[in-house]
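Read through the structure below, which is laid out as C-alpha cells, and then see the notes.
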Amino acid sequence: MDFTAVTEQLYLSIAVAVAFAGWVLSFLGIIIIAANLDGRGTIENRLHWFYNFYFISLLLFVAYAIISRNVRQYRLALVAFLSVAFNILVDSIDVWVRVSQTPSSLAGGAGLRATGCFLIIFPVIFMIGYIGMTTEDSARDRQNSFVASPAYNNSAANAAPAGNFRLPSLSLGNKKQPATDPSANTTTANTTTASSFALPSLGRLGSGLGSPTAASPAAPTQQAKALYAYDANPEDPTEISFIKGEVMTVLETKGKWWKVSKTLPDGSAIEGIAPSNYLQVL
16 MDFTAVTEQL YLSIAVAVAF AGWVLSFLGI IIIAANLDGR GTIENRLHWF YNFYFISLLL
76 FVAYAIISRN VRQYRLALVA FLSVAFNILV DSIDVWVRVS QTPSSLAGGA GLRATGCFLI
136 IFPVIFMIGY IGMTTEDSAR DRQNSFVASP AYNNSAANAA PAGNFRLPSL SLGNKKQPAT
196 DPSANTTTAN TTTASSFALP SLGRLGSGLG SPTAASPAAP TQQAKALYAY DANPEDPTEI
256 SFIKGEVMTV LETKGKWWKV SKTLPDGSAI EGIAPSNYLQ VL
C-alpha cells in the first residue's frame, strides 16, 4: 500500500475523516445512553451498537480502497454499502433527535449520537455521488488513443479501391505492410496519372487514425519505470500487468493509457496498455 494515494483522492479522504469524527461522537453518545438505560430498551440499543460497528467497518473499507487505489474496482460494492448506511443514518437521526427532546436521562447521550449521525450522513451522501460517478474506462475507449475505430476499419476494408492501390490495414497488432496488387506492374503504363499514386499514411491526415506501423510520439527505445504495481483487468485482454519498479519500453504515449512492452522471464516480449499515472519516463 502506498499512502500517497490519499492525496490522489483528497476529497474522498477528507469525507472519510469527517465521517470518522462523526462516528466517534456517535460512539460516545451510545456509551452514555447504555449507562443510563437502567434495563429499558436494551434490545433496541443493541441494534444501534451493531449500526456503529457497521459504520466503522464501512469507513475502513473505503479507506482501504483509497490506499490500495481500488476505488474504481470496488465502486459498485462501495455504493451499495454506503446506500445502506444512508438509510440507517436517516432512521437513527429521526430516533435520537426525538429522544434528545424528551426530559430524560437519555437526552444528553441521544443528542450526542444524533450529532454524530449528522456528521456521518453528509460525507456518506458525498461519497455515494463521488464514487458512483467514477466510471471504468472501456477497452475500446482506451484503444482509441493509439488505434483506429473498428467501424472505420470495416468501412475502409469494404470500400472499392480507386486505381491500382490498396488501403493500409488498420487492424490492431497487424504489423504487415499492405499487400501489393500483382497487376500493378502490368497496368501502370496504361493507367492515368490520377490512379498511379499511393495513398498517403492516414496517420498524417490529422484525424487521429493511422496504421499500427505509423510513427508514434514516443521513441521505440524510450523507457518507463512503474511507480506502483498494477494488475490487469481479466476482462480486458489489452491491459498488461507489472510490478513496482519494473522497467518497460514505451511504444505509444497518446491519451491516459500508454502502449508498452516488456520482456518476460523466458525471454519473450508482450505488449499491452498501462495507466500513464502509474509510469515514470526514464
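When you read off a place in the sequence shown, starting at 1, and then add 15, the result is the number in the working numbering. Glycine residues also receive a C-beta, built at the ideal position from the N, C-alpha and C atoms. Note that the coordinates shown come from a computational prediction; the quantities given were computed from them, not determined experimentally.
Let me know the secondary structure DSSP gives residue i once reduced to three states.
i	result
Met378	Limits of the chain in this structure are 16 at one end and 297 at the other, which puts residue 378 out of reach.
Ala34	helix
Ser83	coil
Glu254	strand
Ala199	In this prediction, Ala199 has a pLDDT of 42, which is less than 50 and means its spatial position is unreliable; what the coordinates show is noted afterwards. Three-state DSSP puts Ala199 in a helix.
Thr19	coil
Ala284	strand
Val162	Because the pLDDT at Val162 is just 41, under 50, the model does not fix this residue reliably, and the value given afterwards should be weighed accordingly. Coil.
Leu220	Caution applies to Leu220, whose pLDDT of 41 falls short of 50 and renders its modelled position unreliable; the value that the coordinates give is listed next. Note: Leu220 maps to coil in three-state DSSP.
Residues bridged to residue i by DSSP?
i	result
Pro290	Trp272
Val77	DSSP lists no partner for Val77.
Gln295	Lys240
Tyr302	Here the chain has residues from 16 to 297 only, and residue 302 is not among them.
Tyr26	Note: Tyr26 sits in no beta bridge, so no partner.
Going by DSSP, what residue range makes up the beta strand (DSSP E) through residue i?
i	result
Ala324	Not covered by the structure: residue 324. The range shown for the chain is 16 to 297.
Ala241	238-241
Would you kindly report the start and end of the unbroken alpha helix (DSSP H) that includes residue i?
i	result
Ala95	90-115
Does residue i come within less than 8 Å of chain D when only Cβ atoms are used?
i	result
Glu267	Of the protein chains in the structure, only one exists, and it is not chain D.
For residue i and residue j, which I take to be in contact (beta-carbon distance under 8 Å), what is that distance rounded to the nearest angstrom?
i	j	result
Ile45	His63	6 Å
Leu74	Ala36	Contact flag wrong, Cβ pair sits at about 11 Å.
Ala125	Ile71	In fact, because the Cβ distance is near 20 Å, the residues do not count as touching under 8 Å.
Thr149	Val105	In fact, because the Cβ distance is near 24 Å, the residues do not count as touching under 8 Å.
Thr264	Ser276	5 Å
Lys271	Ser291	6 Å
Ala244	Glu254	Not quite, the Cβ-Cβ distance comes to about 13 Å (not below 8 Å), so this is no contact.
Val31	Ala78	6 Å
Leu27	Leu134	About 16 Å separates the two Cβ atoms, so there is no contact after all.
Trp273	Leu294	6 Å
Ile143	Leu91	Rounded, the Cβ-Cβ distance is 12 Å, inconsistent with contact.
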